[in-house]
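Asks: Before I ask anything, let me first share the structure, which is written out below as structure tokens.
2 protein chains.
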Amino acid sequence: MGKLVTEMLKGTLEGIVLAILSARPAYGYEITARLRDQGFTDIAEGTIYALLVRVEQRGLVDVKKVPSEKGPPRKVYSLNDQGREYLEEFWRTWSFLAERLEQLREGSK
Amino acid sequence: MGKLVTEMLKGTLEGIVLAILSARPAYGYEITARLRDQGFTDIAEGTIYALLVRVEQRGLVDVKKVPSEKGPPRKVYSLNDQGREYLEEFWRTWSFLAERLEQLREGSK
DNA sequence: TCCTCTATTCGGTGTTGCTAGGTACTGGTA
DNA sequence: TACCAGTACCTAGCAACACCGAATAGAGGA
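If you read the protein sequences in the order shown, they are chains F and R.
The opening position of the first sequence corresponds to residue 1 in the working numbering, with each subsequent residue numbered one higher.
The opening position of the second sequence corresponds to residue 1 in the working numbering, with each subsequent residue numbered one higher.
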């Protein structure tokens, strides 16, 4: 997909990850893999880890270290109440933007 | 709306402006005003002008200077063929992203 | 003269995703 | 034993983009 999707992900990737966490807790490596499965083939691992650090510092998620059978311990993130609130706000903003764009697309047909 | 929409606009604002230009040619001040009417109250004027310079340098738009009755001459931008192609690519990318997000939203309900 | 509206430009800032590495632990294979 | 692949996390430096604040400049009205 390339550069276009990269720019569009700015601001939405955070919501995407929080939405994934709202379904059930997960750790960075797992989230990256799941995103790749869903078609986001270009998303860099480092991006997810940096993003997780950010949302943790903002207090949107809770973290627990869990030992892994194969590899270093996992940092399992789960959405907390503040994160859930933030996610709702994200969806509201997303809806606003999606509506405007849908209008624009219709208008230019 | 605040910070959230600002971040989301990265990568989409360009498409929004190009979509506006695809309907008919327009100049910066006019585009800004139209966006404000459509609910994008926070978009800074400077942002639009910088964006227009960018898309011009990439050859997506053509420019014509037109005198104004009230104020400095207007720089009227119109979408050219390359811009139209780019806009289609933008819509494809947007659709991809919107679908994933819609899925995620459904899944977390 | 001064202010408002029109219209464009520019320098500096913060956020964000990417690149391109590195660390570390486990298990399998040559 | 030595090496490599898979798992799992982290970091420094970079580029793109939207914002803020200010400046410039022309036209018309108080």
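Just so you know, even glycine gets a beta-carbon here, dropped at the ideal spot from N, CA and C.
Bear in mind that the values here come from a model prediction, so they are computed numbers and not experimental data.
Determine whether the beta carbon atoms of R:A19 and R:L87 lie at a separation below 9 Å.
Replies: One-based indexing of the second sequence puts residue 19 of chain R at position 19. One-based indexing of the second sequence puts residue 87 of chain R at position 87. Going by C-beta atoms, R:A19 is nearer than 9 Å to R:L87.
Asks: Please state if the CB of R:G15 and the CB of R:F90 are separated by a distance shorter than 9 Å.
Replies: Position 90 of the second sequence holds residue 90 of chain R. Position 15 of the second sequence holds residue 15 of chain R. Contact: yes.
Asks: So, using beta-carbon positions, are F:T47 and F:L79 closer together than 9 Å?
Replies: Numbered from 1 along the first sequence, position 47 holds the residue referred to as residue 47 of chain F. Numbered from 1 along the first sequence, position 79 holds the residue referred to as residue 79 of chain F. Cβ atoms of F:T47 and F:L79: not closer than 9 Å.
Asks: Considering F:R74, what are the terminal residues of the beta strand (DSSP E) in which it resides?
Replies: As a working note, residue 74 of chain F is residue 74 in the first sequence. It spans R74 to L79 - the beta strand (DSSP E) in which F:R74 sits, taken as one unbroken run.
Asks: Given R:S68, which residues of its chain have a CB within under 8 Å of its CB, disregarding the five upstream and five downstream residues?
Replies: One-based indexing of the second sequence puts residue 68 of chain R at position 68. Contacts found: R74.
Asks: Buried or exposed: where does F:V63 fall if 16 or more other Cβ atoms within 10 Å of its Cβ makes it buried?
Replies: Taking the first residue of the first sequence as 1, we reach residue 63 of chain F at position 63. It counts as exposed.
Asks: Suppose you measure from the CA of R:G59 to the CA of R:E106; what does that come to, to the nearest Å?
Replies: The residue labelled residue 59 of chain R in the question sits at position 59 within the second sequence. The residue labelled residue 106 of chain R in the question sits at position 106 within the second sequence. Roughly 39 Å between the two C-alpha positions.
Asks: Would F:I43 and F:L9 be called neighbours here (beta carbons separated by less than 9 Å)?
Replies: The residue given as residue 43 of chain F occupies position 43 in the first sequence. The residue given as residue 9 of chain F occupies position 9 in the first sequence. Yes, these two residues count as a Cβ contact at 9 Å.
Asks: Roughly how many angstroms lie between the CA atoms of F:L35 and R:F40, to the nearest whole one?
Replies: Translated into the one-based positions of the first sequence, residue 35 of chain F becomes position 35. Translated into the one-based positions of the second sequence, residue 40 of chain R becomes position 40. C-alpha separation (whole angstroms): 30 Å.
Asks: Rounded to a whole number of angstroms, what is the C-alpha to C-alpha distance between F:A98 and R:V17?
Replies: Stepping through the first sequence from its first residue, residue 98 of chain F is reached at position 98. Stepping through the second sequence from its first residue, residue 17 of chain R is reached at position 17. Whole-angstrom Cα-Cα distance: 15 Å.
Asks: List, in chain order, every chain F residue whose beta-carbon is nearer than 8 Å to that of R:E89.
Replies: For the purposes of this step, residue 89 of chain R is taken as residue 89 along the second sequence, with counting starting at 1. Per Cβ cutoff of 8 Å: L4.
Asks: Please classify R:G11 as buried or exposed, where buried requires at least 16 neighbouring CB atoms within 10 angstroms.
Replies: Counting from 1 along the second sequence, the entry for residue 11 of chain R is found at position 11. By the 10 Å Cβ count, R:G11 comes out buried.
Asks: Please say whether F:Y29 and F:E45 have beta carbons closer to each other than 9 Å?
Replies: One-based indexing of the first sequence puts residue 45 of chain F at position 45. One-based indexing of the first sequence puts residue 29 of chain F at position 29. Closer than 9 Å, so yes.
Asks: So the candidates are R:V5, R:G2 and R:Q82; which of them puts its Cα closest to the Cα of R:E56?
Replies: Locating residue 56 of chain R in the second sequence gives position 56, where the first residue counts as 1. Answer by Cα proximity: R:Q82.
Asks: If we cut at 9 Å on Cβ distances, does R:Q38 have a partner in chain F?
Replies: The residue given as residue 38 of chain R occupies position 38 in the second sequence. Chain F, which has a Cβ nearer than 9 Å to the Cβ of R:Q38, makes this yes.
Asks: Just reading off the alpha helix (DSSP H) that R:K3 is part of, what are its end residues?
Replies: Here residue 3 of chain R refers to the residue found at position 3 of the second sequence. Its alpha helix (DSSP H) spans residues K3 to L9.
Asks: My guess is that F:Q38 and R:R92 are in contact by the Cβ rule of under 8 Å, so how many angstroms apart are they, rounded?
Replies: Along the first sequence, one-based indexing puts residue 38 of chain F at 38. Along the second sequence, one-based indexing puts residue 92 of chain R at 92. The beta-carbon separation of F:Q38 and R:R92, rounded to 17 Å, does not stay under the 8 Å limit for a contact.
Asks: Just how far apart, CA to CA, sit R:K65 and R:V5?
Replies: The sequence position of residue 65 of chain R within the second sequence is 65, counting from 1. The sequence position of residue 5 of chain R within the second sequence is 5, counting from 1. Their backbone Cα atoms lie some 32 Å apart in a straight line.
Asks: Where do the ends of the alpha helix (DSSP H) carrying R:D37 lie?
Replies: In the second sequence, counting from the first residue as 1, residue 37 of chain R sits at position 37. Where R:D37 is concerned, the enclosing alpha helix (DSSP H) stretches over G28 to D37.
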